[in-house]
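Line by line, the protein sequences are chains D and V.
262 is the number of the first residue of the first sequence in my numbering; add one for each residue after it.
26 is the number of the first residue of the second sequence in my numbering; add one for each residue after it.
Don't be surprised by glycine CBs; every beta carbon is placed ideally from N, CA and C.
Okay, so here's the structure we're looking at.
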Amino acid sequence: EAGVVQSPRYKIIEKKQPVAFWCNPISGHNTLYWYLQNLGQGPELLIRYENEEAVDDSQLPKDRFSAERLKGVDSTLKIQPAELGDSAVYLCASSLMMNTEAFFGQGTRLTVV
Amino acid sequence: ELKVEQNPLFLSMQEGKNYTIYCNYSTTSDRLYWYRQDPGKSLESLFVLLSNGAVKQEGRLMASLDTKARLSTLHITAAVHDLSATYFCAVDIGTSGSRLTFGEGTQLTVNP
Numbered sequence: 262e263a264g265v266v267q268s269p270r271y272k273i274i275e276k277k278q279p280v281a282f283w284c285n286p287i288s289g290h291n292t293l294y295w296y297l298q299n300l301g302q303g304p305e306l307l308i309r310y311e312n313e314e315a316v317d318d319s320q321l322p323k324d325r326f327s328a329e330r331l332k333g334v335d336s337t338l339k340i341q342p343a344e345l346g347d348s349a350v351y352l353c354a355s356s357l358m359m360n361t362e363a364f365f366g367q368g369t370r371l372t373v374v
Numbered sequence: 026e027l028k029v030e031q032n033p034l035f036l037s038m039q040e041g042k043n044y045t046i047y048c049n050y051s052t053t054s055d056r057l058y059w060y061r062q063d064p065g066k067s068l069e070s071l072f073v074l075l076s077n078g079a080v081k082q083e084g085r086l087m088a089s090l091d092t093k094a095r096l097s098t099l100h101i102t103a104a105v106h107d108l109s110a111t112y113f114c115a116v117d118i119g120t121s122g123s124r125l126t127f128g129e130g131t132q133l134t135v136n137p
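Shown next, in the form of structure tokens:
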């Protein structure tokens, strides 16, 4: 069974440019998460979806970050415009339902130059 | 605000030795997870601990949870090189859905 799939794996962009990340969760998983992981640190939650509804986005910097999960399956995370400090790994995770074990994708490593 | 602290943050040990990684957290929770992360890779789920006194073992790793002390431990028995990785504990305090708060991670190096 396929795990959580993310693309691209790596992305290098110039500051002030837009960037988007894509996530396909495990089939049947209703809950989807986006996490940010800075080098040498643990992941931090950006946003959580239950089906297509964003139920926890309190940590998402809404001035430049946006996310969507149309039809309650795939999700995209967008940054516009990107800043140097956004360089990090963006991890997507999914779980069968709320309060169950989360499974992580391989992440997208973003470098802003 | 929930704080999750792991120690040590860096651990270098010899093969065959035993050691324990500690995870302390500041808010009541009865759901705690341990993950492993290899360099450049994603997080692999190791253990799910869902109640006070829970103990789980897989190979040379054993995890336990004491919710009263707000403490989880990850014990390594007779370490081997393949265990070299970064280990994270994550505490879930979500009341209407998961909100994992991760520790800083313990970078483990097992030397031959």
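- Quick one: does D/T292 have its CB under 8 Å from some CB of chain V? yes
- Okay, do the stretch 34–49 of chain V and the stretch 359–373 of chain D touch, 3+ Cβ pairs below 8 Å being the bar? no
- Item | Beta carbon of V/P33 nearer than 8 Å to that of V/T98 | no
- Message: Quick check: the Cα distance between D/A354 and D/R270, rounded to an integer number of angstroms?
- Response: 15 Å
- Using the beta-carbon of each residue, which ones in chain D are nearer than 9 Å to V/S70? E362, A363, F364, F365
- Item | 6 Å CB neighbourhood of D/Q320 in its chain, flanking five on each side removed | L306, L307
- Message: Given this structure, state the Cα-to-Cα distance separating D/P322 from D/E344, to the nearest angstrom.
- Response: 12 Å
- Establish whether the CB of V/Y47 and some CB of chain D are separated by less than 8 Å. no
- Query: Does the beta carbon of V/L95 come closer than 8 Å to any beta carbon on chain D?
  - Reply: Position check: residue 95 of chain V holds Arg in this sequence, whereas Leu was assumed. It does not; no Cβ of chain D falls within 8 Å.
- Message: Cβ closer than 8 Å: which chain V residues qualify as neighbours of D/S356?
- Response: S123
- Those residues which DSSP pairs with D/Q298 across a bridge: D/V350
- Residue closest to V/M87, alpha-carbon to alpha-carbon, out of V/A104, V/A94, V/L36: V/A104
- Task: May I have the straight-line CA-CA distance separating V/L125 from V/V135, to the nearest angstrom?
- Result: 28 Å
- Quick one, are the C-beta atoms of V/L133 and V/A110 less than 8 Å apart? yes
- Residues of chain D with CB under 9 Å from V/Y58, in chain order? E362, A363
- Tell me V/R61's beta-bridge partners as DSSP assigns them. V/E69, V/Y112
- Query: In its own chain, which residues sit with a C-beta less than 8 Å from the C-beta of D/K272, not counting the 5 before and 5 after it?
  - Reply: V280, F282, T369, R370, L371, T372
- Query: Rounded to whole angstroms, how far is the Cβ of V/S123 from the Cβ of D/T292, which I believe are closer than 8 Å?
  - Reply: 7 Å
- Item | D/L331 versus D/T337 - alpha carbon distance | 9 Å
- Item | Within chain V, partners of D/P279 - CB distance below 8 Å | Here the premise fails: no neighbours, minimum Cβ distance about 25 Å.
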